[in-house]
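**Student:** Using this note's numbering, the first residue of the sequence shown is number -10, and each one after it goes up by one.
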Amino acid sequence: MLSRVMVVLCLLGFASQGIAQSPQNKAKEINKKAIGLFQEGKVDEAIRLFEEAYRLDPDPVYLRNMGRAYEKKGELFKAKELYQKSLEQEKDPEERAKTQAYLEALLERLPGRLVFDVNPRGAVVKVDGKEVETSKPLELRRGSHLIEAEMPGYGKYSDRVEVLGGVEHTISIILKPMPGKLRIECGVEGAKVLVDGTPVGTTPLPKALELPQGRHVVDVTKEGFERWQNVVEIKPGKEEGVGVNLVPKNVSVPPKPGEPIGGGTPTVPKKVEVKKSPWPWALLGGGALFVVTGGVMTGLAKSEAGKVETANVPGLGDVVTIPQSEAESHRDKAKTYEKVSYAMYGLGGAAIVTSVVLFLVKPGSKPKTESPNIVLTPVAYDGQATMAVQGRF
């Protein structure tokens, strides 16, 4: 009997020991130790024990305790993540309220982030009146903030954004180009004005036209006038002006009934400029050249004649002192040069007279005369170089 009682007591002892060593109880013991370390300021050791307790028993309270430890450590975003995870798993209303209170208090301390997407680049961005750098995320306290942006030639941007703690916000800023203005001035009233093919009014236009930046085609038309067209470059925020000069068309007016054709205001004939012919000057120059050539030939003839030396012999008169054949050669050359000189004088005189006649002819008249053809050809004559002239007048 006594042995049976001892067996029962042993079994009860083992059972109580098993209950004491359940994961839930062990997790509670570890959590209690972790809270003590947390209160002593040993945050890293406390976090390690809170994590161990959660592995043994996934109770959302242990996640909340981990969040408090990370918050005390300064890792606010990690704490926020743990609080939110605890709220997702917690079913008990009282525990949820506690965790929510911790999260709200954290969010008051936790900054939000703004990521900027600005177009065009180079725009000046201000947050609450202070210029900020847009190439990296900007941390801001929780709450409402004023965002402004501006750039020369573009419209201003202004908007308010509600920043949530621990939340990253992307702000898209697009600046629209400012329109330019075009002022059109025309001295003719009632002319139709078109810009890029769209009618915008008739002259005089009451005010400058507002147009987007870029190139624009301006057309101004009116019946009885030539069409005026031009391309204008419009710059943002600036005013351009163009002056339109409409030119009247050449319109023939039909005669009135009973009025003879050609009547009315007499038409003054246009003065026709007669282009002067270059031939008189060419003939004058050619004639002068012939005369000069004739003079040269005359000089050569005298030179050849002078080479025949003679001497006065008593009783015989003038006697040639050089060989007879040589004397004959010089005389022949002298005669040839003399003949050529006469021909040159004749051609030169004829050319000069013809040029004078052409100068005296009434401008604009076209006498049937053939243009003179003059050809100078170098030739060899009797061992000497000379020039042959052919002409037709």
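Virtual Cβ for every residue (Gly too), placed ideally from N, Cα, C.
So, helix, strand or coil for I391, using DSSP?
**Tutor:** In the structure as shown, the chain begins at -10 and stops at 382. Residue 391 is therefore absent and cannot be evaluated.
**Student:** Between which two residues does the beta strand (DSSP E) holding G132 run?
**Tutor:** First-last of the beta strand (DSSP E) with G132: 132 to 139.
**Student:** Using 8 Å as the Cβ pair cut-off and three pairs as the minimum, do the stretch 152 to 161 and the stretch 94 to 110 touch?
**Tutor:** Touching, per the Cβ criterion.
**Student:** Roughly how far, in whole angstroms, is the beta-carbon of L95 from the beta-carbon of E60, given that I think they are within contact range, below 8 Å?
**Tutor:** 6 Å between Cβ atoms; contact.
**Student:** For F66, count neighbouring C-beta atoms within 10 Å of its own C-beta (all shown protein chains included) and say buried if the count is 16 or more, exposed if not.
**Tutor:** Its Cβ having fewer than 16 others within 10 Å, F66 is exposed.
**Student:** Taking the alpha-carbon of L164 as reference, which of N14, Y43, E139 has the nearest alpha-carbon?
**Tutor:** The shortest Cα separation from L164 among N14, Y43, E139 belongs to E139.
**Student:** When the distance is taken between beta carbons, is P49 closer than 8 Å to S75?
**Tutor:** For S75 and P49, yes; Cβs fall inside 8 Å.
**Student:** Assuming contact is defined by CB atoms lying nearer than 8 Å, are K170 and Q202 in contact in what I supplied?
**Tutor:** Their beta carbons are not under 8 Å apart, which means K170 does not touch Q202 by this criterion.
**Student:** Does the structure place the stretch 265 to 274 close enough to the stretch 338 to 346 that three or more beta carbon pairs sit under 8 Å?
**Tutor:** Short answer: they touch.
**Student:** In terms of alpha-carbon separation, which member of P168, L198, V345, M167 lies closest to E174?
**Tutor:** Out of P168, L198, V345, M167, L198 has the C-alpha closest to the C-alpha of E174.
**Student:** I'd like the list of long-range same chain contacts for E151, defined as Cβ closer than 7 Å, with 5 residues on each side in sequence excluded.
**Tutor:** Once the five neighbours on either side are set aside, the close Cβ partners of E151 are S133.
**Student:** On the CB-based measure, 16 or more other CB atoms within 10 Å of its CB, does T187 come out buried or exposed?
**Tutor:** The residue in question, T187, is exposed, as its Cβ has fewer than 16 Cβ neighbours within 10 Å.
**Student:** Sort out for me which residues DSSP pairs S292 with in a bridge.
**Tutor:** Note: S292 sits in no beta bridge, so no partner.
**Student:** What are the boundary residues of the alpha helix (DSSP H) that E18 is part of?
**Tutor:** Note, E18: alpha helix (DSSP H), 12 to 28.
**Student:** Could you check the C-alpha separation between E34 and E84 for me, to the nearest Å?
**Tutor:** C-alpha separation (whole angstroms): 24 Å.
**Student:** Once the 5 residues before and after E229 are set aside, which same chain residues still bring their CB inside 8 Å of it?
**Tutor:** Only G169, K170, L171, R172, V221, E222, I223 meet the Cβ criterion.
**Student:** Quick check on V236: does DSSP put it in helix, strand or coil?
**Tutor:** If DSSP states are grouped into helix, strand and coil, V236 belongs with coil.
**Student:** With a CB to CB cut of under 6 Å and the five nearest residues on each side skipped, what residues in its chain are close to N108?
**Tutor:** Here the set comprises I163.
**Student:** Please list, in chain order, all residues of the same chain as T287 whose beta carbon is under 6 Å from its beta carbon, the five residues on each side excluded.
**Tutor:** Excluding sequence neighbours, T287 sits near S330.
**Student:** So what does L127 bridge to, in DSSP terms?
**Tutor:** DSSP, once it has assigned bridges, lists L103 as partnering L127.
**Student:** Can the beta-carbon of P194 be found closer than 8 Å to that of V182?
**Tutor:** Checking the sequence, you will find Leu at residue 194 rather than Pro. In this structure, V182 lies closer than 8 Å to L194 by Cβ.
**Student:** Can you tell me whether DSSP reads P312 as helix, strand or coil?
**Tutor:** Coil, per DSSP.
**Student:** Using the Cα positions of L336 and P312, report the straight-line distance between them to the nearest angstrom.
**Tutor:** Their Cα atoms are separated by approximately 37 Å.
**Student:** Alpha carbon to alpha carbon, what distance is there between K145 and I136?
**Tutor:** Looking at the two C-alpha atoms, the distance is approximately 11 Å.
**Student:** Taking the C-alpha atoms as reference points, what is the distance between V261 and Y334?
**Tutor:** Confidence is the limiting factor: at V261 the pLDDT is only 48, short of 50, which leaves the residue's position unreliable and the question unanswerable from this model.
**Student:** Could you compute how far the alpha carbon of Y143 sits from the alpha carbon of M167?
**Tutor:** Distance between the alpha carbons of Y143 and M167: 5 Å.
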